[in-house]
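Residue numbers (the UniProt record's numbering): 1 to 220. No residue lacks a Cβ here, since even glycine has one placed at the ideal position from N, Cα and C. On a predicted model such as this, the values are computed, not experimentally measured, just so you know. Have a look at the structure below before the remarks.
Below, the structure written as structure tokens:
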């Protein structure tokens, strides 16, 4: 390992959600060095905190969870970054949410890229050459399932399907780039979406509503 690759581990501190992925990757990249550093700290200073942390790091749960988090955070952060923008294009909301939920569903059904590497590195009760004191695969499997399920539940609660659908309907109605070019098609374009929007906001809908073609064409 080159000198510029080393990290200085001074003390734990609070971090922003979007920085969590980098923190997890840092722990993954320096796990062996961290275990050795804690061993030295424990031997030289008889530090009980270092001993406790080192024991945690030498269980299967720690490397397995850090690799799982790498996969989960990569998925969730893509969605978070979309909504961090100052101006969010409403046409992107439904696809981004659906893609995130689909990716989490894929992780629920099988390991992601980082977790696959973790599984490949596990050999004869060792991970990266360090003997694990606990290798309870079933316990990790339960924690893994519960974690992904909770993340999925939180996203669905934050973005209910009916609300995401209304946002998509609004995009259909007000996004001029979606308007059809033919006048005959434009007359009836988006009426079903408009009806759902009216119903959502408690506005009485009239089936006689039509687009002002000249007004709509001014946006094309």
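- Query: From which residue to which residue does the alpha helix (DSSP H) around residue 140 run?
  - Reply: On the chain shown, residue 140 is found 140 positions in, with the first residue counted as 1. Residue 140 -> alpha helix (DSSP H) spans 137–158.
- Message: With DSSP as the reference, identify every bridge partner of residue 123, one or two as the case may be.
- Response: Here residue 123 refers to the residue found at position 123 of the chain shown. According to DSSP, which records beta bridges pairwise, residue 123 is partnered with 126.
- Query: Hey, residue 21 and residue 77: beta-carbon distance below 8 angstroms or not?
  - Reply: The sequence position of residue 21 within the chain shown is 21, counting from 1. The sequence position of residue 77 within the chain shown is 77, counting from 1. It is a contact, given that the beta carbons lie within the stated cut-off.
- Measuring CB to CB, does residue 38 end up less than 8 angstroms from residue 28? Counted from its first residue, the chain shown places residue 38 at position 38. Counted from its first residue, the chain shown places residue 28 at position 28. Not in contact: residue 38 and residue 28 (Cβ atoms no closer than 8 angstroms).
- Query: Going by beta carbon distance, what residues of the same chain come within less than 6 angstroms of residue 164, once the five residues before and after it are set aside?
  - Reply: One-based indexing of the chain shown puts residue 164 at position 164. Once the five neighbours on either side are set aside, the close Cβ partners of residue 164 are 94, 97.
- Item | Nonlocal neighbours in the same chain, by C-beta distance under 6 angstroms from residue 66, ignoring five residues either side | Your numbering for residue 66 matches position 66 in the chain shown. Closer than 6 angstroms at Cβ, skipping near neighbours: 24, 27, 28.
- Task: Can you tell me which of 52, 203, 74 puts its alpha carbon nearest to the alpha carbon of residue 151?
- Result: Translated into the one-based positions of the chain shown, residue 151 becomes position 151. Closest option to residue 151, Cα to Cα, is 74.
- Residue burial classification, residue 201 (beta-carbon count within 10 angstroms, cutoff 16): For the purposes of this step, residue 201 is taken as residue 201 along the chain shown, with counting starting at 1. Residue 201 should be labelled exposed.
- Message: What does the alpha-carbon distance come out to for the pair residue 196 and residue 166?
- Response: Numbered from its first residue, the chain shown carries residue 196 at position 196. Numbered from its first residue, the chain shown carries residue 166 at position 166. In a straight line, the C-alpha of residue 196 is about 7 angstroms away from that of residue 166.
- Message: So for residue 59, helix, strand or coil by DSSP?
- Response: For the purposes of this step, residue 59 is taken as residue 59 along the chain shown, with counting starting at 1. Correct three-state label for residue 59: strand.
- Task: Using three-state DSSP, classify residue 133 as helix, strand or coil.
- Result: Counted from its first residue, the chain shown places residue 133 at position 133. Looking at residue 133 - three-state DSSP - the assignment turns out to be coil, as it is neither helix nor strand.
- Item | Residue from 70, 72, 100 with nearest C-alpha to residue 82 | Here residue 82 refers to the residue found at position 82 when the chain shown is read from its first residue. Minimum Cα distance to residue 82 is reached at 100.
- Query: What does a CB cutoff of less than 8 angstroms around residue 60 pick up in its chain, not counting 5 residues either side in sequence?
  - Reply: Locating residue 60 in the chain shown gives position 60, counting from the first residue. Once the five neighbours on either side are set aside, the close Cβ partners of residue 60 are 122, 127, 132, 134, 135, 136, 137, 140.
- Beta-carbon proximity list for residue 57, same chain, < 6 angstroms, skipping 5 on both sides: By one-based count along the chain shown, residue 57 stands at place 57. Within the same chain, residue 57 has close Cβ partners 35.
- Item | Where residue 188 sits in the DSSP three-state scheme | Locating residue 188 in the chain shown gives position 188, counting from the first residue. Of the three classes helix, strand and coil, the one that applies to residue 188 here is coil, per DSSP.
- Task: Assign residue 171 to one of two classes, buried (16 or more other C-beta atoms within 10 Å of its C-beta) or exposed (fewer than that).
- Result: Working through the chain shown from its first residue, we reach residue 171 at position 171. Classification for residue 171: buried.
- Neighbourhood of residue 118 by C-beta distance below 7 angstroms, restricted to the same chain and skipping five residues each side: For the purposes of this step, residue 118 is identified with residue 118 of the chain shown, where counting begins at 1. Excluding sequence neighbours, residue 118 sits near 63, 64, 67.
- Return yes when the Cβ of residue 130 is within less than 8 angstroms of the Cβ of residue 32, no when it is not. By one-based count along the chain shown, residue 32 stands at place 32. By one-based count along the chain shown, residue 130 stands at place 130. A contact, by the Cβ cut-off of 8 angstroms.
- Item | Contact under 8 angstroms by Cβ, residue 70 with residue 108 | As a working mapping, residue 70 is identified with position 70 in the chain shown. As a working mapping, residue 108 is identified with position 108 in the chain shown. Result no, Cβ atoms of residue 70 and residue 108 do not sit closer than 8 angstroms.
- Task: Give the secondary structure of residue 166 by DSSP, where H, G and I count as helix, E and B as strand, and everything else as coil.
- Result: Locating residue 166 in the chain shown gives position 166, counting from the first residue. Residue 166: helix per DSSP, three-state reduction.
- Smallest Cα separation from residue 102: which of 149, 205, 124? One-based indexing of the chain shown puts residue 102 at position 102. Among 149, 205, 124, the Cα nearest to that of residue 102 is on 149.
- Item | Cut-off 6 angstroms between Cβ atoms - residues of its own chain near residue 162, not counting five sequence neighbours on either side | Here residue 162 refers to the residue found at position 162 of the chain shown. If we look at residue 162 and ignore the five residues flanking it on each side, it has no Cβ neighbours.
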